Amino acid sequence: MSITSLQRTARTSGPTRPLVLHPDRTFPVDPGQRAIARSIYEQVRNLPIISMHGHVDAQVFADNPPFADPAQLLIVPDHYVCRMLYSQGVLPEGMGIPRVDGGPTEADSRTIWRRFCAAWPLFRGTPSRYWLEEEFSTVFGVTEQPSADNADALYDQIGAVLADSSFRPQQLLDRFNIELISTTDAAGSDLSSHAALNAQGLGGRVLPTFRPDAVVYLDRADWRDGIDALGQASGIDVSGYHGYLDALRERRQAFVRMGALATDHGHYYADTAPLPETAAAELYQRRIAGGTVTEAEVHAFAAHMLFQMAQMSVEDGLVMQIHPGVYRDHHSGVFGAHGQDKGFDIPFGVEFTRALQPMLDAFGADPRFRCVLFTIDETVYSRELAPLAGAYSSVRIGAPWWFIDSPEGMRRFFETATETAGFANMSGFVDDTRAYCSIPARHDLYRRISSGYLSRLVAEHRLAEDEAIETAIDLAYRLPKLSYQRTAG
Amino acid sequence: MSITSLQRTARTSGPTRPLVLHPDRTFPVDPGQRAIARSIYEQVRNLPIISMHGHVDAQVFADNPPFADPAQLLIVPDHYVCRMLYSQGVLPEGMGIPRVDGGPTEADSRTIWRRFCAAWPLFRGTPSRYWLEEEFSTVFGVTEQPSADNADALYDQIGAVLADSSFRPQQLLDRFNIELISTTDAAGSDLSSHAALNAQGLGGRVLPTFRPDAVVYLDRADWRDGIDALGQASGIDVSGYHGYLDALRERRQAFVRMGALATDHGHYYADTAPLPETAAAELYQRRIAGGTVTEAEVHAFAAHMLFQMAQMSVEDGLVMQIHPGVYRDHHSGVFGAHGQDKGFDIPFGVEFTRALQPMLDAFGADPRFRCVLFTIDETVYSRELAPLAGAYSSVRIGAPWWFIDSPEGMRRFFETATETAGFANMSGFVDDTRAYCSIPARHDLYRRISSGYLSRLVAEHRLAEDEAIETAIDLAYRLPKLSYQRTAG
Amino acid sequence: MSITSLQRTARTSGPTRPLVLHPDRTFPVDPGQRAIARSIYEQVRNLPIISMHGHVDAQVFADNPPFADPAQLLIVPDHYVCRMLYSQGVLPEGMGIPRVDGGPTEADSRTIWRRFCAAWPLFRGTPSRYWLEEEFSTVFGVTEQPSADNADALYDQIGAVLADSSFRPQQLLDRFNIELISTTDAAGSDLSSHAALNAQGLGGRVLPTFRPDAVVYLDRADWRDGIDALGQASGIDVSGYHGYLDALRERRQAFVRMGALATDHGHYYADTAPLPETAAAELYQRRIAGGTVTEAEVHAFAAHMLFQMAQMSVEDGLVMQIHPGVYRDHHSGVFGAHGQDKGFDIPFGVEFTRALQPMLDAFGADPRFRCVLFTIDETVYSRELAPLAGAYSSVRIGAPWWFIDSPEGMRRFFETATETAGFANMSGFVDDTRAYCSIPARHDLYRRISSGYLSRLVAEHRLAEDEAIETAIDLAYRLPKLSYQRTAG
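Residue numbers (my numbering), protein chains in the order written: chain Z, 1 to 489; chain X, 490 to 978; chain V, 979 to 1467.
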């Protein structure tokens, strides 16, 4: 595996630099405004974390195993770290990413860690750098920035912390001050990990979220497996369309019983136009029978199912999270060799206004309905999402996330989303991460940036400081709790 | 009518806060830059208001009635205020919005006012809050921010001002320093209110604007009524396409005689491709005869008519205002119950470059033609509108308006529109409001934000301060007067 | 030719203002941050210029003639200057733009110059003003801003400098500290100017870039001429599709032999979907035979050829520059009278994620492939280009250019492109200009703005100052050299 390009473009030598977290990091530059930001932030920095959209595996919480080593904890599973190395010529195999075919991949965690450390200059100005610095410093006590020179020493230092018995997933819930955290679970999940968490008294703290994408997109390679799992988990015959809907309804209830507050829908488009029932049933039947379904039919069925999911949310009160506009697995080579979620999901332009109209027309003003809209296409904040959320009682604007979960991205979010929608129509922050140790850093950054934005409103005499503090508390804690309350059922 | 959600999410209690307008509000934070902004602003703050695009009813000026009460003046007709309450679960009926079917709606203005005051925290960080604060303070002498506690007191205080005989629409023209204000009038309007204004010596100060949308969109429910009015007002037989064009031409002349300087076109798309005349005539004829017209034909005819309107502007010199990209009446329930303009107009992405090409190719370099382009899709400022306005002699960029008429929105406007187009190709500010009392606050905010942007150019040594002052005067006063001069006819 | 509008809207009188370049121009306003920006900038201001994408004619370097006069050097060929005057009613003829039909146009350079000077206020807040100020001051020693009053004096002052024998194209390479500059050359160019430059020892300093657009777009009026030139230059029979591909391959090799490092592709769309070979061959054959080709076929063939060009880049290592999304020659009247590149190229919204997928799927992870992606649709930076460049090892983000090559535009570029992609995936700056004397000013502005952005990262404690300096050096010098290295062949 070649790291030629990396050697050519990254600066891998140079002095080892100290790692010191400045208390004013990411605050506005003007001294007067910074002082205001600091005093707002002081009121929110220690609030408990509400993490209602994330990807830490439920089993990790249930089994509570020790973490393996620095590379396996911090690097290999974090595709935002790995993709930056790919972008400079390192292959996934070089970062120890498992191959679907079981083929060879870097097995030595220390080697992977060294590659990461040597590539540290690549992360300048990125949110990954920001989060990692904070994790290194506050969680692991690291005092130097990674470099080719200190890679081994850091590996050992972090490894020693990981070996400590207090450093386990469940114990970190307390250490990280996490009041509520949600996993993401397939529609056909048997929720056994959540049952185990319930038995351990963690049921109200670690919640499942219902994600049916795999059984909604008829062209998914794992569709049939998902349908089988759905049938099995629900105990309902899913060989026909109505059984399929019943099974989904049953699983949603099962999720509700296990504490779920929300569903999650990662769709290609935001379309919500329902099909005639017979057309939907015919499509489902055809796919079950192994027949051919066109791309247009795949999208039409997905839109139809989004409408059905909204209808079910009106019944059971699960808050509906929608996030369209991503081309998944853009590089077929990486997907074929390593599977999904490997850093090659690429956003594209997205449309909400017309796409959501059927759903909002039907349920948008229904007090039993709530939807949280996420986007990576920032242009829709001022143009579509804020106008929608500022009128429809059901609509909340989701957090700036994924590629926008960054200092500059979050600033643009506040500037473009809040004037028209008002702060009360924000859903607060979600970290959306599988990098467990980064959760406190991510929430802290959001609190810093929101304090920074609010400090400007104060400095510009558009808001009193006590109102800004209330608003910061709303954004950090109150709104995510309110937005993800079940509204019915 | 439920206000459950409101109670859950808005902070309705807490101390009553003072309402004090800081003289430096919305100015840049840096002290040095703020001083420059202040000195630029001092030169424009008292300039007369040129308000060439608005929605105050002509009859209000002509009849000059006293205003009813605080809720009926400031809350009920302002759909930007009401929509924020809808977004938190208050129904339109709860805000006294009349029902189309005459059904029950809140009749007690004081109750409506209390609901608004209790919801005041929802407006934090919004332009509505900014304007209302300024109106409350400068127009009505209010010294406390609205709250559940002081709602009745404020109602009485504002009511007392409204009862004063000097507080009438015509008297406010002077008090607000309005040199020129334009109403918006249907193509088939008989302009009787404007005739009355003429008779009262206000003809040169309150002008009509010609808005033919209702007779251009073949699918409008009120199309036939509009056509009938057009025929009646013009005295021309509009049963055929050529009569229709002649009647439009005649009404434009009538508007010109009544002082009109501009037309206004709120189209779904910006398309301007003309149809073959026979095709346009056939479509019109078919619609007149009650035949079916497809959605595609509706848009094709609208595009065709935009081209015709441009052609007529070349003849009569009326400045053509175009603003596409809004999904009107997005929620059919609210539209069915309460009619249009109720806060459910939602923008979508829009395209100008290709859409306007036919029109600009034909008339764009003609000195007798002028068009002002508005958008709520901000992405087009740097990408399309500035490049167009920076080349075509006929094109001016309209004000940041509607949802973008806000501190952050206007800042982005200056940053994205002026570098490529130059300030001379801006048309200056329009308030676009039906909230009469908010007009001074809106123009003042624009003057503050433009001074703020210019102060940065000065502080960054990109512009001398005296040039910045000239530019601020241009934006506030000179450019709207120049941009809305008739160019021919 | 009318300059009526200009007289109406531009401020043409007033005091003659001094022209003084402030050393801190365009730096951030906050004094603490400005000091950081200044110290970063000090480390990059004198670095040599790498100018890998530009439009100065190769023959100008080869023949090294004296420049004609101020108007012919600075105004007439700069369509960004001229378009601003068109936008206020001056006709192209009034600025001396030659007519295709040889018809009359302003022949007196002094008259053209006076028009420009009188229009100087139009340029407030534009990048043209910024560059011109810097050229006037540093290159020509001008100490007053242009005005109607001093037009003649400036004309004479600048003319005197131009008359100096040291003021020739080749001599300016040294004076401007240009280490490397690239011209843009048609696929069928015989590269005789570059051969002459080679003979003069300038071969490694002035490089050709291979631009095949004219032979790739089947609807170009000059397509047949381009094909003939391609056949002639390559000595290959291009009457069939395979000969056409062979000829392109041969010319690329000829460009490589003459020092070329890159190709340049200005496409309408970014589509890269390859056609079946027989379909492509049939289309080519049909066009050669004079048959009709539909608009859809034109675009399909262009997409196909972009894929072929990528394939050839894998073979010969030429870096592939792609810039879609511009409606060329938007006004047919100006195009018909004066030809292309006259300021009427207008951008539109563009899509990269899906469009580039075929190409990136095939070559995106190939170490022999590199592509640099340019855009004028800024929305794609955070949404598409940064995610692509932050994953694919072949992708670099091109400079903010054309209409975005401005203080505000470049700031937005850094804010939206670098967090997700990392600085190492930027290709550094290109000036993209035919205004030779503006090159130092353009590169200097980029260095100032990048220093300004980096100073904020430092002031916000997101980056150490020494890292910021390294990054500024990378952006100004190291990355353009690395990004434009040939990767294979």
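By construction, the Cβ of each residue, glycine as well, lies at the ideal position given by its N, Cα and C atoms.
Values in this document were obtained by computation on a predicted structure and should not be read as measured data.
Problem set entry | Simplified DSSP assignment, three categories, for Q810 of chain X | Your numbering for residue 810 of chain X matches position 321 in the second sequence. Strand.
Problem set entry | For E144 of chain Z, the residue or residues it bridges with in DSSP | By one-based count along the first sequence, residue 144 of chain Z stands at place 144. Paired residues: Z:P18.
For this session: Mind listing, in chain order, the continuous beta strand (DSSP E) runs of no fewer than 3 residues lying wholly within the region 228-291 of chain Z?
Result: 262-265
Problem set entry | Neighbourhood of R34 of chain Z by C-beta, 8 Å cutoff - its chain only, sequence neighbours within 5 removed | Translated into positions along the first sequence, residue 34 of chain Z becomes position 34. Result list for R34 of chain Z: D24, F27, P28, S455, in chain order.
Exercise. Can you list, in chain order, the residues of the region 838-860 of chain X whose Cβ is nearer than 7 Å to any Cβ on chain V?
Worked result: E840, T842, R843, Q846, L849, D850, G853, A854, P856
Exercise. E408 of chain Z versus chain X: which residues are under 9 Å apart at the beta carbon?
Worked result: Here residue 408 of chain Z is taken as the residue at index 408 of the first sequence, counted from 1. Ordered by position in chain X, no residue passes the 9 Å Cβ test against E408 of chain Z, which lies about 14 Å from the chain.
For this session: Taking only the alpha-carbon atoms, compute the straight-line gap between A652 of chain X and L563 of chain X and give it to the nearest angstrom.
Result: Translated into positions along the second sequence, residue 652 of chain X becomes position 163. Translated into positions along the second sequence, residue 563 of chain X becomes position 74. When rounded, the distance between both Cα atoms is 15 Å.
Exercise. Comparing the C-beta of F892 of chain X with each C-beta of chain V, is any distance below 8 Å?
Worked result: Looking up residue 892 of chain X in the second sequence gives position 403. No, F892 of chain X lies away from the interface with chain V (no Cβ there is under 8 Å from its Cβ).
Exercise. Can you name the residues of chain X whose CB is closer than 7 Å to the CB of P1469 of chain V?
Worked result: Past the boundaries of the shown model lies residue 1469 of chain V; chain V is included only from 979 to 1467, so the question cannot be answered.
For this session: Note down, in chain order, all residues in the region 27-39 of chain Z with a beta-carbon under 9 Å from any beta-carbon belonging to chain V.
Result: F27, P28, V29, D30, P31
For this session: Please report the Cβ distance between L999 of chain V and S1115 of chain V, rounded to the nearest whole angstrom; I am assuming they are in contact, meaning their Cβ atoms lie under 8 Å.
Result: Here residue 999 of chain V refers to the residue found at position 21 when the third sequence is read from its first residue. Here residue 1115 of chain V refers to the residue found at position 137 when the third sequence is read from its first residue. L999 of chain V to S1115 of chain V, Cβ: 5 Å. Contact.
Problem set entry | 6 Å CB neighbourhood of R776 of chain X in its chain, flanking five on each side removed | Numbered from its first residue, the second sequence carries residue 776 of chain X at position 287. Around R776 of chain X: L707, V782.
Problem set entry | Closest by C-alpha distance to T16 of chain Z, when choosing among Z:F363, Z:D149, Z:P367 | Translated into the one-based positions of the first sequence, residue 16 of chain Z becomes position 16. If we check each option's Cα against that of T16 of chain Z, Z:D149 comes out closest.
Exercise. F612 of chain X touches chain Z at which residues, Cβ-Cβ below 9 Å?
Worked result: Here residue 612 of chain X is taken as the residue at index 123 of the second sequence, counted from 1. Going along chain Z in sequence order, the residues near F612 of chain X (Cβ under 9 Å) are G422.
Exercise. Listing by chain order, which chain Z residues have their CB less than 8 Å from the CB of M573 of chain X?
Worked result: In the second sequence, the residue the question calls residue 573 of chain X occupies position 84. What M573 of chain X touches in chain Z: G390, G422.
Problem set entry | Any C-beta of chain V under 8 Å from that of R872 of chain X | Position 383 of the second sequence holds residue 872 of chain X. Yes, R872 of chain X lies at the interface with chain V (some Cβ there is under 8 Å from its Cβ).
For this session: State the Cα-Cα distance for the pair Y619 of chain X and E784 of chain X, rounded to the nearest angstrom.
Result: On the second sequence, position 130 is the one that residue 619 of chain X refers to. On the second sequence, position 295 is the one that residue 784 of chain X refers to. Computed Cα separation, rounded: 40 Å.
Problem set entry | Neighbour list for A1364 of chain V in chain Z, Cβ cutoff strictly below 8 Å | Working through the third sequence from its first residue, we reach residue 1364 of chain V at position 386. The contacting residues are F403.
For this session: With 7 Å as the C-beta to C-beta threshold (strictly closer), list the residues of the region 1425-1453 of chain V near chain Z in chain order.
Result: R1434, L1435, A1437, E1438, H1439, R1440, L1441, A1442, E1445, E1448, T1449
Exercise. Quick one: any contact between the region 659-673 of chain X and the region 532-550 of chain X, if contact means 3 or more CB pairs under 8 Å?
Worked result: yes
Exercise. Under the three-state reduction of DSSP, which class applies to L1158 of chain V: helix, strand or coil?
Worked result: Along the third sequence, read from residue 1 onward, the residue named residue 1158 of chain V stands at position 180. Looking at L1158 of chain V - three-state DSSP - the assignment turns out to be strand.
Exercise. How would you label R1153 of chain V, buried or exposed, when you count the other beta carbons within 10 angstroms and need 16 or more for buried?
Worked result: The residue labelled residue 1153 of chain V in the question sits at position 175 within the third sequence. Exposed.
For this session: Decide if R1229 of chain V is buried, meaning its Cβ has at least 16 other Cβ atoms within 10 Å, or exposed.
Result: Counting from 1 along the third sequence, the entry for residue 1229 of chain V is found at position 251. When all chains shown are included, R1229 of chain V counts as buried.
Problem set entry | Reference Q1117 of chain V; option with closest CA among V:Y1424, V:A1419, V:T1465 | Counted from its first residue, the third sequence places residue 1117 of chain V at position 139. Here the sequence assigns Val to residue 1117 of chain V, which means Gln is not the residue at that position. For the residues V:Y1424, V:A1419, V:T1465, the minimum Cα distance to V1117 of chain V belongs to V:A1419.
For this session: Could you pull out every unbroken beta strand (DSSP E) segment of at least 3 residues lying fully inside the region 508-572 of chain X, listed in chain order?
Result: 538-540
Problem set entry | Burial state of A710 of chain X, where buried means 16 or more other Cβ atoms lie within 10 Å | Here residue 710 of chain X refers to the residue found at position 221 when the second sequence is read from its first residue. That one is exposed.
Problem set entry | Which listed residue (X:D818, X:F858, X:G828) has its alpha carbon closest to that of M809 of chain X | The residue labelled residue 809 of chain X in the question sits at position 320 within the second sequence. Of the listed residues, the one whose Cα sits closest to M809 of chain X is X:F858.
Problem set entry | Run of the alpha helix (DSSP H) containing P971 of chain X, from where it starts to where it stops | Working through the second sequence from its first residue, we reach residue 971 of chain X at position 482. Sequence inspection shows Leu at residue 971 of chain X; the Pro mentioned does not correspond to that position. 968-972 is the span of the alpha helix (DSSP H), which, as asked, contains L971 of chain X.
Problem set entry | Beta-carbon spacing of G879 of chain X, T922 of chain X below 8 Å | For the purposes of this step, residue 879 of chain X is taken as residue 390 along the second sequence, with counting starting at 1. For the purposes of this step, residue 922 of chain X is taken as residue 433 along the second sequence, with counting starting at 1. The answer is no: Cβ separation not under 8 Å.
For this session: Compute the Euclidean distance between the alpha carbons of L385 of chain Z and V803 of chain X, then round it to the nearest angstrom.
Result: Here residue 385 of chain Z refers to the residue found at position 385 of the first sequence. Here residue 803 of chain X refers to the residue found at position 314 of the second sequence. C-alpha separation (whole angstroms): 38 Å.
Exercise. Got a sec: which bits of the region 815-841 of chain X sit with their beta carbon under 7 Å from any beta carbon on chain Z, in order along the chain?
Worked result: Y816, H819, H820, S821, G822, G832, F833, I835, P836, F837, G838
For this session: Mind listing the chain X neighbours of T418 of chain Z? Cutoff is C-beta to C-beta under 7 Å, in chain order.
Result: As a position in the first sequence, residue 418 of chain Z is number 418, starting the count at 1. Residues of chain X passing the Cβ test: G614.
Problem set entry | Local conformation of T4 of chain Z per DSSP, three classes | In the first sequence, residue 4 of chain Z corresponds to position 4, counting from 1. Because the pLDDT of T4 of chain Z is 45, which lies under 50, any placement of that residue in the model is unreliable, and the question is left without a value.
Problem set entry | From V:R1023, V:L1208, V:L1151, residue whose alpha carbon lies closest to that of T1175 of chain V | As a working mapping, residue 1175 of chain V is identified with position 197 in the third sequence. The sequence given here places Leu at residue 1175 of chain V; Thr does not occur at that position. Per the Cα distances, V:L1151.
For this session: Return the residue from the list Z:A62, Z:Q308, Z:A153, Z:V334 that minimises the CA-CA distance to G571 of chain Z.
Result: Because chain Z here runs from 1 to 489, residue 571 of chain Z falls outside it and cannot be looked at.
For this session: Assign T493 of chain X to one of two classes, buried (16 or more other C-beta atoms within 10 Å of its C-beta) or exposed (fewer than that).
Result: The residue given as residue 493 of chain X occupies position 4 in the second sequence. The pLDDT assigned to T493 of chain X is 45, lower than 50, so where the model puts this residue is not dependable, and the model offers no usable value.
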